[in-house]
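Report on the structure given below.
Chains as they are written, first to last, in this note's numbering: chain A, 13 to 127; chain B, 56 to 169.
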């Protein structure tokens, strides 16, 4: 079984400030990790993914995330946020062992960028 | 790549009625997933298709729920005898057959049961 914990349900941050959204996962097998963003009344859009290789992954809109296997974490960061980054962010885990690869999501973190 | 399409975007129905939602995945994707999302929660897995075969169903999917993907292309999710607790956003996603391919989501169908 796999699970994802997003420790912060809401994160307020001032515009142009840095932000980190935390994600920890649990799995008994090797995993792929994803961050998705959801704007109001829309589906989820892929921000970035970790499959293998370099532990620092860069995504769209200036976001990046770092995979830390020892801490089972995959925190999302952005050095300077914009108003348009206001959205809900979901961390997700998928096992990499083949089969149908169920994707499990965290409960989400609402990022509120304050002008 | 026209994206994943879901219809309708919104559905309001009275308790006890049946509803059906449709999902058209990205054309070359043979894997299709249904998720349910309630307020303040992440998407919860409901069911998975590989081509026309339904290979996995969540315990969340009660007997009132049924999903089909008759020709391995579009999929439908039907809820019979709707209850107020069924009110949620129903999300469809598809992915390519490569083991590391990400999910591509539609914009969802928001169901309100009154």
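For every residue, glycine included, the Cβ atom is placed at its ideal position computed from N, Cα and C.
query, result
"Contact check, residue 30 of chain A vs residue 90 of chain A, beta carbons under 8 Å", "yes"
"Boundaries of the beta strand (DSSP E) in which residue 167 of chain B is found, first to last residue", "164 to 168"
"With 16 other Cβ atoms within 10 Å as the buried cut-off, status of residue 121 of chain A", "buried"
"Which residues DSSP lists as bridging residue 91 of chain B, in chain order", "B:99, B:145"
"Which listed residue (A:66, A:52, A:108, A:48) has its alpha carbon closest to that of residue 60 of chain A", "A:48"
"Coil, strand or helix - residue 20 of chain A by DSSP", "coil"
"C-beta contact flag for residue 137 of chain B and residue 68 of chain B at 8 Å", "yes"
"Validate contact between the segment 137 to 154 of chain B and the segment 19 to 26 of chain A using beta carbons, cut 8 Å, 3 pairs", "no"
"Neighbour-count burial assignment, residue 153 of chain B, 16 or more Cβ in a 10 Å radius", "exposed"
"Chain-order list of residues whose beta-carbon lies under 8 Å from that of residue 58 of chain B (same chain, five-residue window excluded)", "81, 159, 161"
"Option nearest residue 99 of chain B by Cα separation, candidates A:103, A:79, A:127, A:124", "A:103"
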